[in-house]
Amino acid sequence: MFRITALALVGAAVLAGCGSAPEAPGAAQALVAGDAQVATLEGNVWQPVDLTGCSVPWGLAVMVEESGISRREFTFTTHGSIQVRQVEVPDDPDTGDAYALAYSREGSTLRVRAGLGIEAWTIRELTSVRLLLEDENGDECWLRRVR
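Numbering (mature numbering (1 follows the signal peptide of the UniProt record, and there is no 0)) for the sequence shown: -23 to -1, 1 to 124.
Encoded structure:
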């Protein structure tokens, strides 16, 4: 009986770790205990899981990968703007590290003004800790909540 119980516990533990994840185990930053566990876009800081794997404006275009930007953070506001903060390594005081994008949201559709055009993204998943966006071509971008 002990053997069956132990085997069942080990099996459950293995299966619990087998779910598909948008990033490697342990890569996500843990949220501080007590954070609201509400799935909302606005007011949270989101960061691409793979900066070079996401299309603009979330990631980096191939042409600018050598810019030294190591991280980009997006904060969606309730008044229709996305505050973008980018971190460069090494830090370059001559380069602006923050800018804003305009956006609108209708249900699961997110329209972001990027440059002269508007890009439509579909919110495929939104939880309290991660966000999956998909563009019109089917390209996906995973973002994780960092604050």
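Just so it is clear, CB atoms sit at the ideal spot from N, CA and C, and this is done for glycine as well. From a predicted model like this one, the values you see are computed outputs, not experimental measurements.
Query, Result
"Taking only the alpha-carbon atoms, compute the straight-line gap between CYS31 and THR54 and give it to the nearest angstrom.", "21 Å"
"Suppose the cutoff is 7 Å on Cβ atoms and the five residues either side in sequence are ignored; what does the same chain contact list for SER81 look like?", "GLY57, ARG88"
"Please report how far the alpha carbon of THR36 lies from the alpha carbon of ASP27, in whole angstroms.", "Residue identity differs from the one stated: residue 36 is Gly in this sequence, not Thr. Near 8 Å, if we compare the C-alpha coordinates of ASP27 and GLY36."
"Please classify ASN114: is it buried, with 16 or more other beta-carbons within 10 angstroms of its beta-carbon, or exposed?", "exposed"
"Tell whether a beta-carbon distance below 9 Å holds between ASP74 and GLN63.", "yes"
"Between SER85 and the rest of its own chain, which residues show a CB-CB distance below 6 Å, the 5 nearest in sequence each way excluded?", "THR99, ILE100"
"Roughly how far, in whole angstroms, is the beta-carbon of residue 169 from the beta-carbon of VAL22, given that I think they are within contact range, below 8 Å?", "A query on residue 169 cannot be resolved here, the shown segment of the chain reaching from -23 to 124 and no further."
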